[in-house]
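Worksheet: one structure, shown below.
2 protein chains.
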Amino acid sequence: MARILYDLCGIDERLRFSPYCWRVRLALAHKGLDVETRPWRFTDKAALAFADHDRVPVLVDGDEVVTDSYAILRYLDATYPRAPLLGEGAAEARARFFKHYAERALAPAMMRTIIMDLFNAIHPDDRPYFRESRERRFGRTLEEFHSPAKGLAQLDAALAPLRGHLDEAEFLDGAAPGGADYLVFGFFMWARCVSSADLVSNADPVHAWRERMLDQHGGLGREAPRITDIAGAYR
Amino acid sequence: MARILYDLCGIDERLRFSPYCWRVRLALAHKGLDVETRPWRFTDKAALAFADHDRVPVLVDGDEVVTDSYAILRYLDATYPRAPLLGEGAAEARARFFKHYAERALAPAMMRTIIMDLFNAIHPDDRPYFRESRERRFGRTLEEFHSPAKGLAQLDAALAPLRGHLDEAEFLDGAAPGGADYLVFGFFMWARCVSSADLVSNADPVHAWRERMLDQHGGLGREAPRITDIAGAYR
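Chains as they are written, first to last, in the numbering used here: chain U, 591 to 825; chain F, 591 to 825.
As structure tokens, this is what we get:
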């Protein structure tokens with residue numbers, strides 16, 4: 591049975607940077623499940639009409655169509671119970687907090703730091719859509735929103751709990767990576783793929799964790815093409 | 591067998607405001623375990639010499655002596671397995687993140703907001719110790735550190751992930767409160783007992799959660815004496 595993941599791509603089809611798609615790719619690897627990723631662009635809404643959805647990730651698993659990264663992780667646990675990602679009960683409730691922590695505390699700080707790099711990594715056909723939708727969300731131009739100094743200071747503060755956690759454990763889920771790790775690490779993959787910005791000092795336990803995460807599942811994260819690998823794309 | 595919790599008190603013996611002691615009191619109630627709390631003050635190091643420790647909480651459970659709030663929650667789960675607080679494996683690893691989130695993201699923002707109220711709530715004999723140790727930690731005087739405007743803005747930002755979480759669930763641990771809830775709520779009890787500052791708007795899902803938490807275990811939190819209940823203490 592075919593398993594297909596619609597996966598955001600950028601200026602080059604090999605450049606895959608969606609933090610939400612990275613959660614799913616890592617979750618599939620955690621379960622040992624193969625997947626064919628299908629490159630998709632922001633403005634290609636027609637390609638997702640079959641899913642009645644307008645954003646990726648969209649996972650097609652045989653006859654099942656699942657949207658939203660967290661819902662896909664839940665689906666994977668329900669369908670393939672071996673090697674749980676989120677678990678059940680209090681474990682699942684706690685995992686959900688990492689989703690919000692990544693999206694509401696880390697992502698805005700990273701966005702502020704890398705947004706012009708991100709804009710540059712997006713396919714030229716997608717840029718008007720991206721600019722218009724994000725400028726409406728931020729209430730100002732991308733150029734006005736962009737502030738690596740403010741973004742990095744905000745990220746440094748937001749990382750404090752993660753730093754405390756990773757002083758005591760190898761992974762967010764303890765001795766081995768799990769759903770909480772993927773929910774957060776997806777955003778580090780996002781930044782890594784589109785930007786060469788240094789988000790965390792190499793003396794930070796978060797840095798060491800990110801290095802460990804890059805090596806998981808045969809180096810899935812580390813091997814992923816970055817904007818710096820695309821000839822002529824990084825200005 | 592006697593079960594005794596050494597519990598920080600303030601200007602009045604009934605005033606118990608340590609966030610770490612509150613974690614333990616709520617955890618004991620969650621397990622349905624009785625406890626005798628024994629009032630203790632910062633400078634009464636001699637009273638804890640038996641535990642080879644200089645801070646509360648200290649739990650004496652028959653022949654066992656356990657220090658540190660998180661270690662006490664772990665001890666309670668190991669000794670009284672019914673109604674798990676933290677659980678095991680990934681569930682426990684994820685619970686630990688709430689400890690760091692509360693201590694590193696929420697507590698500093700609350701401290702900045704309430705520190706002069708806190709100072710006022712501390713027993714006069716403890717104030718020189720408190721001032722000297724905190725001023726060394728902050729690198730400035732209590733009065734210079736005190737800034738409700740900055741503290742509340744910092745708290746508002748730090749609460750963003752909690753707000754997202756509580757938009758979707760009644761408690762941090764899901765449908766019923768558990769270890770993650772107590773690890774965080776202890777700090778709301780701390781602020782509540784020493785200060786009348788409004789930390790969260792009543793339209794905030796965090797506010798509704800705090801109200802639910804105050805009602806748990808027969809209103810243990812809601813019934814706790816506050817500085818505003820101590821005649822003449824709140825200036």
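C-beta: ideal position from N, C-alpha, C; glycine also.
In this structure, F688(F) is the residue among A680(F), F688(F), E654(F), E603(F) with its C-alpha nearest to the C-alpha of V774(F).
Within the same chain, G741, Q744, L745, A748 come within 6 Å of A699(F) by CB-CB distance, once the 5 residues on both sides are set aside. Rounded to the nearest whole angstrom, the C-alpha separation of P629(U) and V648(U) is 11 Å. Between the C-alpha atoms of R664(U) and W612(F) there is a straight-line separation of about 34 Å. Closer than 7 Å at the C-beta level to chain U, one finds these residues of the region 723 to 755 of chain F: A750, P751, G754, H755. Only exposed fits P671(U), as fewer than 16 other CB atoms lie within 10 angstroms of its CB. Taking a cut-off of 8 Å for Cβ pairs, the region 606 to 623 of chain U and the region 772 to 786 of chain U touch, as three or more such pairs fall below it. Using beta-carbon distances, F709(F) does not count as an interface residue toward chain U, since no partner is under 8 Å. L762(F) has a beta carbon lying within less than 8 Å of a beta carbon in chain U. DSSP places Y719(U) outside any beta strand (DSSP E); the residue lies instead in the alpha helix (DSSP H), whose first and last residues are 717 to 728. Sequence-distant Cβ neighbours of D667(U) in its own chain, meaning closer than 7 Å and more than five residues away, are P674, L675, L676. Here F607(U) carries a coil assignment [DSSP, helix/strand/coil]. For T669(U), the enclosing alpha helix (DSSP H) stretches over residues 659 to 669.
Looking at H690(U), L616(U), P751(U), D634(U), the one whose alpha-carbon comes closest to that of D757(F) is H690(U). Beta-bridge pairing by DSSP links R628(F) to Y596(F).
For L649(F), DSSP records a beta bridge to L595(F), V656(F). Between the alpha carbons of H755(F) and H713(F) lies a distance of about 37 Å. When only Cα atoms are considered, S786(F) and A695(F) end up about 21 Å apart. Annotation for R800(U): the continuous alpha helix (DSSP H) segment containing it runs 795 to 813. DSSP, reduced to helix, strand and coil, places G764(U) within a strand of the structure shown.
Those residues of the region 666 to 683 of chain U placed with their C-beta closer than 8 Å to a C-beta in chain F are P674, G677, G679, A680, A681, E682, A683, ordered along the chain. S659(U) is classed as buried because its beta carbon has at least 16 other beta carbons within 10 Å across all chains shown.
Across the structure, A793(F) and W799(F) are spaced so that their CA atoms are roughly 11 Å apart. Among the CB atoms of chain F, none fall inside 8 Å of the CB of Y610(U). For R694(U), the nearest beta carbon of chain F is closer than 8 Å to its own beta carbon. In the three-state scheme derived from DSSP, where H, G and I count as helix and E and B as strand, A739(U) is classed as helix.
In this structure R717(F) is in contact with F709(F), their Cβ atoms being roughly 7 Å apart against a cut-off of 8 Å. Rounded to whole angstroms, the separation of the alpha carbons of G600(F) and D819(F) is 13 Å. According to the DSSP assignment, V774(F) belongs to the alpha helix (DSSP H) that extends over 769 to 784.
The beta carbon of Y596(F) lies closer than 6 Å to those of R628, W630, V646, V648 in the same chain, with the five residues before and after it left out. Annotated as proximal: A685(U) and R684(F), with beta-carbon spacing under 8 Å. With a beta-carbon spacing of about 7 Å, V650(F) and R593(F) fall inside the 8 Å limit used to define contacts. The beta carbon of L638(F) sits closer than 8 Å to the beta carbons of Y596, W630, D644, R645, V646, V648 from its chain, once the five residues preceding and following it are set aside; these are given in chain order. Against R686(F), the close residues of chain U are H755, E758, A759, in the order they occur along the chain (beta-carbon pairs closer than 8 Å). From the beta-carbon of G768(F), the residues of chain U found nearer than 7 Å are A680. For I705(U), same chain residues with a beta-carbon under 7 Å away, outside a window of 5 residues either side, are L732, F735, H736 in chain order.
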